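Residue numbers (my numbering): -12 to 621.
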């Protein structure tokens, strides 16, 4: 960390109230705070206690009042529906205020919950902002989730209103949302009186009389309403963590700390300000979509890109680069899995090299661990800084990152750089003692967490404490394992559950994946620990080959085993590896290692609600059976 960066980080920890009070002054508040940080209810810390503001006002209205109404707020690009248009801050204010007017007309008030079950269309952002405008608490459920998963979230959030659409459009075809919603409402114990349905031209919804209303008609006839002041500590939204099974785990985000942290991060991490174009190629169903498609870019008066498409196939591996060039995107944020998909289809990056990307200053990767090979390939092909950074649904904004808008430091492939100001990150052993540099352990964050992070779990304070705070008193347990080097760079290697114990040696699956990705024919890798009678566990690797790779399975097997032996050593006991057509992932790009481990060890499992392609689990079963695992499955 540079001297300047060290000073900023140290100041953020030593003088929390002064640091965050100064950051908060850049926003509009209807009532000032009594205290920047109220520690009286620890571990339920409150930021900006006593203050009032409105998140929608800070994201929309204040920019219109400042004369920026004609600037594009949301640039929508949908190759799957052949639609592309910009929405100005003026138009955004008009749409949001009328939708909020409709909500008020059906009885939605401050503190009521609204479930949003919609595709990647501008109306989804309108819905989130309209909730914020009147103090309602939104809970976005990824469009196309299974009916039973939607039902559990409805029962947990108990919404007064549901906002949905007739369908989503995927490269593979149309996904009808309305039948899924109807099915979920039949299963749910909680009864919803009103559903507002956006009718898309690709598929028309059948409305149930008395309950369902047509979005276009209702909003057109609704009055515009202003912003309602809410307490900074009031919830803005509840977001259920991906892969949740059984009782959902709803992360609660407040209004005040959230707005302050996002505004600070846009300037310091992403180097984005008023008038810049920013693109987070994610989905509003995930935390990235909440923070960096909708709220953060709009809070700082930037233009945000909303994309309904994929990195490849809509129409080709050049989709991202064309949009970046056309809309002069300054900072671009995507998941490593998206880059690997592009690399697999276009290993020489011919599409990127044929596109004018002079506007692009930084590429940010997050959502899963980024192996050095992916980062280096992207950096080499684009000739741009590629910034791996690390954070979670729970934190809401980056925990470790290179501060590209403040004082960039050297990029070390494999590391998301250093902890961001506000976060005191430590690596500890099982007893809670801090480990030495370059020694692996559990990654924890000292309390209090900075503004913008989760305040609790929805209506379940005890579960919040049990899940995150009980293992190491005074610290938040991230659930990730890794180490810090002598320069203070953090390395996130795997989830704690993905540490495998080979004959007493604790090894990270992330390290294996890092090594296997060095092979020139490999596009993607997943390594899991499988049961072994002699050693307890041994590593098993599944690799996806690049398009056009012609290496034989026997040669691949031989070369990969030799590579691991050279880089990690014989202690790794790495002998199990096979090629597979496709890896099972969530829609946000995370590889389902835990599910694959259960399949290999013949344990019962449930396909996560977030899985992108359920058929990939059959590929895994077949491959593992061929390798001598999963053979007891029926």
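For each residue, glycine too, the CB sits at the ideal point set by N, CA and C. Predicted model only: the values in this text are computed from it and were never measured.
- Residue 125 has 101 and 224 as its beta-bridge partners, per DSSP.
- For a cut-off of 8 Å, the C-beta gap from residue 133 to residue 90 is around 27 Å, too long to register as a contact.
- Taking 9 Å as the cut-off, the beta carbon of residue 122 is found closer than this to the beta carbon of residue 221.
- Contact between the segment 379 to 392 and the segment 439 to 448 is present, with at least three C-beta pairs closer than 8 Å.
- In this structure, residue 294 places its C-beta atom within 9 Å of the C-beta atom of residue 64.
- Every alpha helix (DSSP H) of 4 residues or more that sits fully in the segment 314 to 360 is shown, in chain order, as 323 to 332 and 337 to 340.
- For residue 206, same chain residues with a beta-carbon under 7 Å away, outside a window of 5 residues either side, are 85, 86 and 89 in chain order.
- Contact between residue 223 and residue 119 holds: CB atoms are separated by about 6 Å, below the 8 Å threshold.
- If you compare the alpha carbons of 186, 168, 185 and 184 with that of residue 178, the shortest gap goes to 168.
- DSSP places residue 265 in the strand class (E or B) of the three-state scheme.
- Positions of the alpha helix (DSSP H) runs, each at least 4 residues long and wholly inside the segment 515 to 571, are given as 540 to 554 in order along the chain.
- Within the DSSP bridge table, the entry for residue 239 names 225 and 443 as partners.
- In chain order, 236, 237, 238, 239, 450 and 451 place their CB closer than 7 Å to the CB of residue 444, counting only its own chain and leaving out the 5 sequence neighbours on each side.
- DSSP lists 377 and 406 as the bridge partner or partners of residue 387.
- Per DSSP, residue 209 is not a residue of any alpha helix (DSSP H), being assigned neither H nor E.
- Counting every other CB atom within 10 Å of its CB across the protein chains shown gives residue 195 a total below 16, marking it as exposed.
- Following the DSSP letters along the chain, one finds residue 76 inside the alpha helix (DSSP H) bounded by residues 76 to 92.
- Residue 99 and residue 278 have their alpha carbons spaced roughly 21 Å apart.
- In this structure, DSSP gives residue 424 a state outside helix and strand, which the three-state scheme calls coil.
- Here residue 281 has 112 and 115 as same chain residues with Cβ atoms under 6 Å from its own Cβ, once five neighbours each way along the sequence are excluded.
- Within the DSSP bridge table, the entry for residue 152 names 185 as partners.
- Rounded to the nearest whole angstrom, the C-alpha separation of residue 33 and residue 6 is 15 Å.
- Residue 325 is a Cβ neighbour of residue 298, given a cutoff of 9 Å.
- At the C-beta level, residue 39 and residue 217 come within 9 Å of one another.
- Residue environment analysis places residue 558 among the exposed positions, since fewer than 16 neighbouring C-beta atoms fall within 10 angstroms of its C-beta.
- For residue 476, the secondary structure class from DSSP, reduced to helix, strand or coil, is coil.
- Judged by DSSP secondary structure, residue 35 falls within the beta strand (DSSP E) whose first and last residues are 33 to 36.
- With a beta-carbon spacing of about 7 Å, residue 101 and residue 147 fall inside the 8 Å limit used to define contacts.
- Contact between residue 477 and residue 405 holds: their C-beta atoms lie close to 7 Å from each other, under 8 Å.
- Selection 11, -11 and 269 evaluated against residue 574 yields 269 as nearest (Cα-Cα).
- Of the residues 347, 577 and 69, the one whose Cα lies closest to the Cα of residue 273 is 577.
- Across the structure, residue 305 and residue 356 are spaced so that their CA atoms are roughly 24 Å apart.
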